[in-house]
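Notes follow the structure.
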Amino acid sequence: MGDQAEEHLNGNPETIRLDDLSQLSDVSDEWVRLMARIPETSYFQTPDWVLGWWQTIGGMPPTELVLWRSSSGVLEGIQFLSRLMRRVHPRLPPAWPIWTITGSGIGDADHVGWPVLPEYRERARKHVVRRTRGSTLLLQDLDSETGVPFVPQGARMLFRNPCPRIALYPPDAIPASMRRTQHHLRRYEKRADAAGITFRWILGSQMDDSFLERFFELHKSRMAEKGVSSTFLKAETLFRRLVARGSTERGPIAMIAERDRHMIGLLCFLRWGDTLAYYQTGWSPEWGSVELGRLLFNESIKGAGANGLRTMDLLRGNEEYKYRLGAVDRWDETWIQPGGLSGSILRFLVPAYRFAARRMWRTGQPSKIS
0 MGDQAEEHLN GNPETIRLDD LSQLSDVSDE WVRLMARIPE TSYFQTPDWV LGWWQTIGGM
60 PPTELVLWRS SSGVLEGIQF LSRLMRRVHP RLPPAWPIWT ITGSGIGDAD HVGWPVLPEY
120 RERARKHVVR RTRGSTLLLQ DLDSETGVPF VPQGARMLFR NPCPRIALYP PDAIPASMRR
180 TQHHLRRYEK RADAAGITFR WILGSQMDDS FLERFFELHK SRMAEKGVSS TFLKAETLFR
240 RLVARGSTER GPIAMIAERD RHMIGLLCFL RWGDTLAYYQ TGWSPEWGSV ELGRLLFNES
300 IKGAGANGLR TMDLLRGNEE YKYRLGAVDR WDETWIQPGG LSGSILRFLV PAYRFAARRM
360 WRTGQPSKIS
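Residue numbers (numbering that gives the first Met the number 0): 0 to 369.
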């Protein structure tokens, strides 16, 4: 750390070129502590997600971590940037050479951004402008608080995605509207009770191989019933790394439904702070008569609120069921700063990308969990 410490004393950030994750254990711990100091950070900005993505579905692209420290050496900001080939819109080829935030991408992360304290934000914004000059910078699904402030001047917004979220409450403070929704589920709860179905939380530390195999089986069954393909089944290695990196306060956690001690359905979340991000799902179609999906949500909402969590984030997608649960939209934004030879072409394609995004929402956008 000698050279990096000298850079810090000169007022320059540290730069780490990502190639060996074993060297980053200390930085990862500092990274998590920094995030805990910044409101509105998301699980998709944690080292668990960013480094797990880089190592698995990201394909280990050229990536840099840029760190700002206080005079006492405390981490006060971190940026992660990757250079790769990517489509700007999932339905419009070709792929272009771009810089982007590590861990982001089509079907990957929501609420993308960088954990940087307010006093370092302008320095971080200027750094990304300098580092990506002469290239195209694509900033996808930026969180309004921890992502949008870093957008360079002159960048163009491509589209906004609704990410509905539900406010959670302790049992003695549940609003009347939520109590009415729970009351409407009583008949299904009675059916579930009669069928011997029970519900409970499973922590990441309890997600062993047998649990994961059953999880993937149920997810595949659910997607087949809906008639859609699933990107999650291609990300098994990433999810196993998220489980391995998790703790009681962050990472995968699931509400499961069981019958005769056999898992028949689940909702899987990613926890960060007092927020649960709804990530994946799965259940057996044979239990449709008891509205197993609605009951899993209801149990999750009640249980999470009782355990001190305050937000259930349903992530990208404007599916009707999210609003029936009482969710309210929070918006992520995607921006582009064209640069270089490809950038001269991309400038002319911005209207086409915007049109394709609007059409996608009108015809029904696949959700994060599909």
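Virtual Cβ for every residue (Gly too), placed ideally from N, Cα, C.
Treat the numbers as computed from the prediction; the structure is a model and nothing was measured.
*Any idea which residues DSSP pairs I252 with across the strands?*
L202 and F268
_Our contact map puts R353 next to L202 with C-beta atoms below 8 Å; I'd like the distance itself, whole angstroms only._
Not quite, the Cβ-Cβ distance comes to about 42 Å (not below 8 Å), so this is no contact.
*asked:* Using a Cβ-Cβ cutoff of less than 7 Å, which residues in the same chain neighbour P89 once the five nearest sequence positions on both sides are dropped?
replied: I105
_Helix, strand or coil at I368 according to DSSP, with G and I counted as helix_ = The predicted position of I368 is uncertain, since its pLDDT is 31 and thus under 50; a value taken from the coordinates is nonetheless stated next. In this structure, I368 counts as coil in the three-state DSSP scheme.
*Look at the alpha carbon of S369 and the alpha carbon of P117, and state the distance between them as a whole number of angstroms.*
Bear in mind that a pLDDT of 30 at S369, under 50, signals an unreliable position, so the model cannot answer this.
*Tell me, which residues are paired with P161 by DSSP?*
W330
_Does A355 come out as helix, strand or coil in the three-state DSSP assignment?_
helix
*Sorted by chain position, which residues of the same chain lie with C-beta nearer than 6 Å to T145's C-beta, five sequence neighbours on each side aside?*
E39, T40 and G112
*Smallest Cα separation from A154: which of S341, I173, Q336 and L340?*
Q336
*Could you please give me the residues that DSSP links to G76 through a beta bridge?*
W67 and V115
*Drop a sphere of 10 angstroms on the beta-carbon of H183, count the other beta-carbons inside from all chains shown, and report buried for 16 or more, exposed for fewer.*
exposed
*Under three-state DSSP, which class holds Q336?*
strand
*F296 versus L266: straight-line alpha-carbon distance, rounded*: 7 Å
_Would R258 and G195 qualify as a contact pair, given that the criterion is a beta-carbon distance under 7 Å?_
yes
_Cβ-Cβ distance between S81 and T99 below 7 Å_ = yes
*Is it true that the CB of S299 sits closer than 7 Å to the CB of M262?*
no
*Mind checking W330: buried by the 16 CB within 10 Å criterion, or exposed?*
exposed
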